[in-house]
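Asker:
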Amino acid sequence: MRKIQIVRVEDLRPGMRLARTVYSADGRVLLQAGIVLKDSYIERLQALGFPAVYVGDPEAAERFRDVVSESTRRHAIAVVKESFEEVKLGSTLKLEPIAQVVNDIVDEIVSTREVVLPLTDIRKHDDYTFGHSVSVCVISALLGVALELDDLTLRELAMGAILHDVGKVKIPEKILLKPAPLSAKEWNEMRKHTLYGFQLLRGRDGLSSRAAHVAYQHHERIDGSGYPRALAGDKIHLFARIVAVADTYDAMTSDRIYRRGVTPFEALQELKELASEGRRQLDKDVVNVFLANVAFFLPSCKAKLDTRE
Ligand SMILES: [Fe+2]
Numbered sequence: 232m233r234k235i236q237i238v239r240v241e242d243l244r245p246g247m248r249l250a251r252t253v254y255s256a257d258g259r260v261l262l263q264a265g266i267v268l269k270d271s272y273i274e275r276l277q278a279l280g281f282p283a284v285y286v287g288d289p290e291a292a293e294r295f296r297d298v299v300s301e302s303t304r305r306h307a308i309a310v311v312k313e314s315f316e317e318v319k320l321g322s323t324l325k326l327e328p329i330a331q332v333v334n335d336i337v338d339e340i341v342s343t344r345e346v347v348l349p350l351t352d353i354r355k356h357d358d359y360t361f362g363h364s365v366s367v368c369v370i371s372a373l374l375g376v377a378l379e380l381d382d383l384t385l386r387e388l389a390m391g392a393i394l395h396d397v398g399k400v401k402i403p404e405k406i407l408l409k410p411a412p413l414s415a416k417e418w419n420e421m422r423k424h425t426l427y428g429f430q431l432l433r434g435r436d437g438l439s440s441r442a443a444h445v446a447y448q449h450h451e452r453i454d455g456s457g458y459p460r461a462l463a464g465d466k467i468h469l470f471a472r473i474v475a476v477a478d479t480y481d482a483m484t485s486d487r488i489y490r491r492g493v494t495p496f497e498a499l500q501e502l503k504e505l506a507s508e509g510r511r512q513l514d515k516d517v518v519n520v521f522l523a524n525v526a527f528f529l530p531s532c533k534a535k536l537d538t539r540e
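Position in the sequence shown (first residue = 1) + 231 = the working numbering.
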């Protein structure tokens with residue numbers, strides 16, 4: 232019997248025990264770790280749109296210490312959400328609060344000796360961009376540490392990573408949240424988030440131009456098949472190559488985990504494949520550093536993370 236596992240909300244049954252606390256997007260505790268689920272709690276989770284939760288022994292979950300504390304992560308998500316929503320309403324992006332949470336994240340990461348894979352963050356679909364931005368920041372900073380970037384460079388990378396998808400504020404929600412595949416026209420619009428992000432970030436005081444280029448280039452691919460400019464190989468900035476790996480990893484584990492059972496283990500296999508000579512999508516050196524430095528610590532990493540088997 233596994234000590235903790237991810238269970239989709241529709242598969243939850245009364246009597247199951249919550250292994251990790253469930254938070255709202257603004258960081259409030261909705262259900263505390265350790266609580267025994269009742270029908271009313273399950274209905275609430277369903278009504279709030281949570282896809283899944285961690286079930287099992289909360290002490291076991293506790294042992295898998297997050298590389299960044301839950302409170303820092305939650306706070307970062309709330310700050311990203313607020314800042315992005317203000318831009319959506321027409322304000323200028325406020326960089327200071329974001330730079331502050333980025334510094335907190337980097338401080339926690341550099342004070343941690345081991346580089347470990349963060350627990351999958353379970354988020355609601357409409358909060359996806361904010362949680363995803365923070366996770367990509369955390370994973371990119373981990374990669375930056377493993378690549379031995381100096382402190383200033385590491386912070387610039389983390390700043391670019393947390394802002395990589397800021398251009399999505401300019402994409403209509405009916406495209407962003409569409410539950411079906413995008414049409415060619417919608418896809419064209421979606422791709423523009425890279426350019427919009429660059430336009431929002433370039434030339435901003437106190438922000439490295441490298442961060443703006445992360446927004447611009449994170450969908451470029453090594454073989455030149457990416458967008459918006461079809462850059463290839465070294466023409467893609469190292470920061471963007473790092474963020475592309477973090478972005479791909481996080482999208483695979485969080486997007487599909489409930490639908491297709493992509494575990495962190497499987498996602499790493501897939502990264503390796505995407506960096507192979509035959510595919511040349513992701514930077515091989517960055518992926519190798521990821522594979523060599525990430526510790527598998529989730530008990531069910533080598534098995535399926537869902538309960539459908
Ligand atoms: Fe993106």
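Note that beta-carbon positions come from the ideal geometry of N, C-alpha and C, so glycine has one too.
Select from Q277, K325, K515, A415 the residue whose C-alpha is nearest the C-alpha of D242.
Answerer: Ranking Q277, K325, K515, A415 by Cα distance to D242 puts Q277 first.
Asker: Take R472 and list the residues in its own chain whose beta-carbon comes closer than 8 Å to its own, dropping the five residues that flank it on each side.
Answerer: Result list for R472: I453, L513, D514, V517, in chain order.
Asker: What number of angstroms, rounded off, separates the C-alpha of Q263 from the C-alpha of M247?
Answerer: Those two C-alpha atoms are separated by around 13 Å.
Asker: Could you tell me if K399 is buried or exposed, where buried requires 16 or more neighbouring beta carbons within 10 angstroms of its beta carbon?
Answerer: K399 is buried by the Cβ-count criterion.
Asker: Give me the residue from T252, V298, A377 with the minimum Cα distance to A523.
Answerer: Of the listed residues, the one whose Cα sits closest to A523 is A377.
Asker: Taking one C-beta from the segment 265-279 and one from the segment 303-317 each time, how about it: are there three or more such pairs within less than 8 Å?
Answerer: At 8 Å Cβ cutoff, the stretches do not touch.
Asker: What does DSSP give as the partner residues of R248 in its beta bridges?
Answerer: BP columns for R248 point to V267.
Asker: What are the start and end residues of the beta strand (DSSP E) that includes G287?
Answerer: Taken as a continuous stretch (DSSP letters only), the beta strand (DSSP E) holding G287 covers 283-287.
Asker: Is D396 a contact residue of ligand 1, with contact defined as CB to any heavy atom under 6 Å?
Answerer: Yes - ligand 1 has a heavy atom lying nearer than 6 Å to the Cβ of D396.
Asker: Could you give the first and the last residue of the continuous beta strand (DSSP E) run that contains I237?
Answerer: Its beta strand (DSSP E) spans residues 235-239.
Asker: Where G287 and L249 are concerned, what is the direct C-alpha to C-alpha distance, given to the nearest angstrom?
Answerer: Spanning the two alpha carbons is a distance of roughly 6 Å.
Asker: For L326, report the span of its alpha helix (DSSP H) as first-last.
Answerer: Residues 326-342.
Asker: If the criterion is Cβ atoms closer than 7 Å, does the pair V337 and A372 meet it?
Answerer: Cβ distance < 7 Å, so V337 and A372 count as in contact.
Asker: Using C-beta distances below 7 Å, list every residue in its chain close to T303, excluding the 5 sequence neighbours before and after it, in chain order.
Answerer: Correct list, in chain order: D335, I336, E339.
Asker: E327: buried (16+ other C-beta within 10 angstroms of its C-beta) or exposed?
Answerer: Classification of E327: exposed, given that the 10 Å Cβ count is below 16.
Asker: Using the beta-carbon count (16 or more within 10 Å), is S342 buried or exposed?
Answerer: Under this definition S342 is an exposed residue.
Asker: Tell me the rounded alpha-carbon separation between G391 and I266.
Answerer: When rounded, the distance between both Cα atoms is 38 Å.
Asker: I need the straight-line Cα distance from S541 to D381, nearest angstrom please.
Answerer: No answer is possible for residue 541: the residues shown for the chain start at 232 and end at 540.
Asker: Evaluate I488 with the Cβ neighbour count: other Cβ atoms within 10 Å of its Cβ, from every protein chain shown; 16 or more gives buried, anything less gives exposed.
Answerer: Bear in mind that a pLDDT of 43 at I488, under 50, signals an unreliable position, so the model cannot answer this.
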